[in-house]
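Worksheet: the structure to be examined is printed underneath.
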Amino acid sequence: MNELGICKRSGRLYEGNSSAGIAINYHVPLMPIELVGVEMQQGRTSTSMIFREDSFDPITKIRRGRVYTEVLGRNDPWHVHDFGRTDLKRVGWDQGEAQELEATSYNADSLTSLRQLSPLPKVILGKSPHHTYWKILSIETQFDGKPLLTLKAMTSFGAVPELMLNQVPEIAQTLIQDALENVEIAANRIGAIETVDACRNALSIVLGTLADNLELELGQGINHRIKKNQANAKNSNANGQDLIIHSAEIVRRLHPRGKSNEKEKHKTRPVSQEDANLALNCLWFVLVELGWARG
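The following block contains the structure:
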């Protein structure tokens, strides 16, 4: 069955097509789905999409199901056979009789736009504020041509800790709040390169605050902390490095990999989602280590 119809009056689900709809008499989880960044990358017009769940394993947090896209501009009524409803008007149809209703129609999506993408995009299920984040494990084409999507929950997606604003120096409170909001937006809605960039910006503010100079770049802030650590160390040969420095340095070194000229110059691989997660964890560690956020 290539179409779904959702009755505009009752919300009841029908399968088949507008000429011959069959009522679904069992619960079928239907959720709004967003393929993060696909419209932007493919130039697609944003349309309403839903995920029809076929199975869910709460232990592995793996969902399998199909994607349907809303059919825009269709005003034709659906003709159905639903013995559970007596409120529907009966009309002559296809040499017989059928019930008529107004429904929002959805077509099975072939997901052809995803086959050209590497890596596959992240997925958001549900509507804000009650939504969850998933990654695509596989896309399998079934015998009827419809792709079956296998998703796995992203438990550490957007790992930004809860900020304890009263522990942050007053001069940096607004800046760090805005920076972390940008980190969340990049991690949840844009992509890996932008996430690393947002983490770098947030760490620049953190290290600049520690140096009492918010104009410092991240590398300058790192150098200032190293010198300060050396000056405060009992051992005159101390190198001034600590875990905050190492964490910030990882993000600083990841950042140029998102630039095509730097990638070509140093022959580095593209920034991946795992790299973005590493940057998020480094930012998490620095904020928690400083006591600016809850662990």
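First residue of the sequence shown? That's 334 in my numbering, and the numbers climb one at a time after it.
Don't be surprised by glycine CBs; every beta carbon is placed ideally from N, CA and C.
Round the Cβ separation of residue i and residue j to the nearest angstrom and send it over; I've been treating them as touching at under 8 Å.
i: I509; j: I538; result: 5 Å
i: T380; j: L363; result: Going by Cβ atoms, the distance from T380 to L363 rounds to 16 Å, so no, they are not a contact pair.
i: V456; j: L368; result: 6 Å
i: W617; j: V516; result: So it is not a contact: roughly 10 Å between Cβ atoms.
i: R558; j: L543; result: 6 Å
i: V361; j: R385; result: 6 Å
i: T528; j: A626; result: About 17 Å; that fails the 8 Å criterion.
i: A356; j: R342; result: That pair is no contact at about 14 Å.
i: I577; j: V619; result: 5 Å
i: G591; j: D511; result: 21 Å between Cβ atoms; not a contact.
i: V400; j: L444; result: 6 Å
Are residue i and residue j close, meaning C-beta to C-beta below 8 Å?
i: S299; j: R407; result: No information on residue 299 is available, as it lies outside the stretch 334 to 628 that the chain covers here.
i: A525; j: D409; result: no
i: T402; j: D442; result: yes
i: Y347; j: A436; result: yes
i: I366; j: L458; result: yes
i: L513; j: L496; result: yes
i: P452; j: S593; result: no
i: D387; j: G398; result: yes
i: H588; j: R522; result: no
i: G354; j: W426; result: no
i: N562; j: D545; result: no
i: N440; j: N335; result: yes
i: G541; j: K560; result: no
i: I472; j: L447; result: yes
Give me whichever residues DSSP pairs with residue i in a beta bridge.
i: E348; result: L337 and I355
i: P365; result: I383
i: K460; result: H463
i: T437; result: I339
i: T419; result: None, per the DSSP bridge assignment.
i: I555; result: Answer by DSSP bridge pairing: none, since I555 is not bridged.
i: Q432; result: V413 and R423
i: I395; result: D390 and K485
i: V371; result: Its beta-bridge partners do not exist; DSSP assigns none.
i: V400; result: F384
i: I676; result: No information on residue 676 is available, as it lies outside the stretch 334 to 628 that the chain covers here.
i: K455; result: K468
Is there at least one Cβ from chain D nearer than 8 Å to residue i's Cβ?
i: T528; result: Absence of chain D from the displayed structure is noted, only one protein chain being present.
- Item | 3 or more residues per run - each beta strand (DSSP E) lying fully within the segment 472-515 | 480-486
- Message: Taking contact to mean 3 or more Cβ pairs, one atom from each stretch, closer than 8 Å, check whether the segment 500-508 and the segment 577-585 are in contact.
- Response: Taking 8 Å as the limit for Cβ pairs, the verdict is that the segment 577-585 does not touch the segment 500-508.
- For the 8 Å Cβ check, are there 3 or more pairs between the segment 408-419 and the segment 429-437? yes
- Message: Would you call the segment 547-554 in contact with the segment 471-481, where contact means no fewer than 3 C-beta pairs closer than 8 Å?
- Response: no
- Only counting runs of 4 or more residues, tell me where the alpha helix (DSSP H) segments fall wholly within the segment 579-626, in order along the chain. 593-599 and 606-622
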